[in-house]
DNA sequence: AGACGGTGGTGACACGTGTCAGTTACGTGT
DNA sequence: ACACGTAACTGACACGTGTCACCACCGTCT
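Chains as they are written, first to last, in the UniProt record's numbering: chain A, 1 to 344; chain B, 1 to 344.
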């Protein structure tokens, strides 16, 4: 066990054939024993011999060969985004992973970094996953969906701000977030609302609908007291925030919805440093209901987002895998409600 | 193209045999053409016919069958942690992924959620990765390393606080972080240092060495002015922080090193709410040099950690894959230096 | 004595691919 | 006229696994 720790590199990887030879049985028997196939009866002494042989050789089955033979796998592909993901998102992702594993799926995150949308889909298809669950950003075209389905994927599910032709869609309508924020500000009597739009590329898939949601809420707000909406581009760094804050007084705004809590924190700090009173002079509201919001002074108002649970997602995947020809579902989810704290 | 969008489920997945049949050539020719095998000459007209046939059928090669035949893959397995990862870590992970892909490796994140260490290693080994790069928490035993190498993994590399027998180790000595923080506080004249130890399980792999580093720096600090170290357990939520802050005066401490910036933020806020003056009454220092530290008032002192770049890691992986029998390296990295701001 | 049924196991094929060794067809040199 | 080289392609095997159909053996019943 402790000898020859080094040149194990040239030792061939043990296969079920090696196990069979060592146990003095056929390869078929080995397969039956190690997979606990109930339809075939193997005597207990033989079972033990096989198990011991496998143990001694350190035999580990070859997943690729297995799924090649089986004609299918239980692999769920989870394309990873290349955008900087927030804490809310990464917690959700972990939850989904757990739930899928509980249903006996093999979850694989696979990055498509640097590839085009269709090239990425092709690369995913090579792995022959039984399901593809694309979270957040799309990066999936109708053509990509066809390629995946053609390669045997039973379920292609997108969870994001918009739907993709051919795929099951869990539409998270980000506009609801903007609407909730705007409604909250209007209710508090604000009438000139700035909307921070992140300068970072990749986030616009989220930020644009959120902005649209603000506009919608404002226009529906009733004509009794018309309000104004002003988009403001800002990057996630101190200089950009300071620049925006310095110009604040000239903008004539009395409120700002800052995309999410992290941007809100950054901007609020810059505003305070520039001598702008929050919430007196300007109300600030973020989104995502992160812990940090409660730590700020004034405490940050935010929009809490109700995401589906990991288990719900996993069960949807499982349902679609079992019945791929079911109707293409389109669920609208994402309930959002504002939480008023001290900053608004 | 737009017809039969539904019952594509029963259509068999096209293989290279189908392509060959459609193009009127042998399967071997298809393989040569699609892989651009330079050693074999195929006429240009034939090449085109094959390519067109593949395109028409939507042929995508089967990665499993390919690597089965080849006897090896270029897959790098990146076990994902189940601990809540910080922003520093997740940025680093993305960087590594990029760099590996640039070297033509297929990066796969694979979670071992809910499995024991050795069961997880076995599950990884089934995928027959050419390399395993375990970041952060270990979750890898010497036995697990043997299983992986036995299954054909050329490189097993751990990057974490401690090394694992048999694997190449990039040791990030977390003690350096604690030492830097303590040295900084001592230099500023503090003599009674509290050390926040997260209550969250899974983080103790980091927090324990950091605490040890504090102790080391204090004991080496010279006997001219002996200092005291006091471990303090705290969870990452407001109640826990408030509880600790309420008892603060009784502890007789004049400084605290709070594991990382996020815990420091939480504690500092609680201390301020409890009327403890920072830094007058108590100096606070965090770690990881996150952006949020600069946004706090007083600005948070921190310990900046110098991580290896993604490219360095990727090149190490590549080197070990090419020469697996090279010496088991043990790199000590992680330079850490304190950044004094206003909170200490 | 021969048919019968159950126990315990095996031989052989298929999955989709890459690649080596051959095999045509054809022009060329002596 | 015949060997020879070369361009262009193909037949067949191997990779490691799961599973179906089949087989040998042995005790039991009529």
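A virtual CB, placed ideally from N, CA and C, is assigned to each residue, including glycine.
All figures in this text were calculated on a predicted structure; none of them were measured in a lab.
- For residue 142 of chain A, the enclosing alpha helix (DSSP H) starts and ends at 142–150.
- In the three-state scheme derived from DSSP, where H, G and I count as helix and E and B as strand, residue 334 of chain B is classed as coil.
- Per DSSP, residue 19 of chain B has no beta bridge partner at all.
- Residue environment analysis places residue 146 of chain A among the buried positions, since at least 16 neighbouring C-beta atoms fall within 10 angstroms of its C-beta.
- Measuring C-alpha to C-alpha distances from residue 111 of chain B to each of B/96, B/127, B/104, B/99 identifies B/127 as the nearest.
- Along the region 247–276 of chain A, the positions whose C-beta sits under 7 Å from a C-beta of chain B are 265, 266, 269, read in chain order.
- Fewer than three beta-carbon pairs drawn from the region 229–246 of chain B and the region 162–170 of chain B are found closer than 8 Å, and the two stretches are therefore not classed as touching.
- The region 257–265 of chain B makes no contact with the region 49–65 of chain B: fewer than 3 CB pairs, one atom from each, lie closer than 8 Å.
- At least one CB atom of chain A sits nearer than 9 Å to the CB of residue 237 of chain B.
- If you ignore the 5 residues before and after residue 148 of chain A, its C-beta comes within less than 7 Å of the C-beta of 121, 124, 125, 132, 156, all in its own chain and listed in chain order.
- The beta carbon of residue 135 of chain A is closer than 6 Å to those of 159 in its chain, skipping five residues each way along the sequence.
- Residue contact check for residue 126 of chain B against chain A: a CB pair falls below 9 Å.
- Less than 9 Å separates the beta-carbon of residue 73 of chain A from that of residue 64 of chain B.
- The beta-carbon separation of residue 93 of chain A and residue 288 of chain A, rounded to 14 Å, does not stay under the 8 Å limit for a contact.
- As summarised for the region 56–108 of chain B, the continuous beta strand (DSSP E) elements at least 3 residues long and confined to that stretch are 75–80, given in chain order.
- Collapsing the DSSP output to three states places residue 344 of chain B in coil.
- Between the alpha carbons of residue 334 of chain A and residue 306 of chain B lies a gap of roughly 39 Å.
- In the structure shown, the three-state DSSP call for residue 42 of chain A is coil.
- Here the alpha carbon of residue 302 of chain A sits roughly 20 Å from the alpha carbon of residue 291 of chain B.
- For residue 344 of chain A, there are no C-beta contacts with chain B under 9 Å, since the nearest C-beta of that chain is about 19 Å from it.
- Shown here, residue 29 of chain A sits in a helix according to DSSP, grouped into three states.
- Under the Cβ criterion of 9 Å, residue 310 of chain B is not counted among the residues facing chain A.
- The Cβ-Cβ distance between residue 17 of chain B and residue 29 of chain B does not fall below 9 Å.
- The Cβ of residue 294 of chain B sits closer than 9 Å to at least one Cβ of chain A.
- Looking from the CA of residue 188 of chain B, the closest CA among B/342, B/20, B/322, B/31 belongs to B/342.
- When rounded, the separation of the alpha-carbon atoms in residue 266 of chain A and residue 293 of chain A is 11 Å.
- Between the region 273–288 of chain A and the region 309–325 of chain A, the count of Cβ pairs shorter than 8 Å is below three; the stretches do not touch.
- Under the three-state reduction of DSSP, residue 186 of chain A is assigned to helix.
- Per DSSP, the beta-bridge partners of residue 172 of chain B are B/333.
- For residue 101 of chain A, the CB contacts under 8 Å within the same chain, skipping 5 residues up- and downstream, are 107 in chain order.
- Counting only unbroken stretches of 4 or more residues, the alpha helix (DSSP H) elements lying wholly within the region 197–235 of chain A are 204–220, in sequence order.
- Taken through DSSP and simplified to helix, strand or coil, residue 179 of chain B comes out as helix.
- Look at residue 240 of chain A: its C-beta is not under 9 Å from any C-beta on chain B.
- For residue 109 of chain A, at least one C-beta of chain B is nearer than 9 Å to its own C-beta.
- According to DSSP, residue 255 of chain A shares a beta bridge with A/193, A/283.
- By the Cβ-count criterion, residue 225 of chain B is exposed, with fewer than 16 other Cβ atoms from all chains shown falling within 10 Å of its own Cβ.
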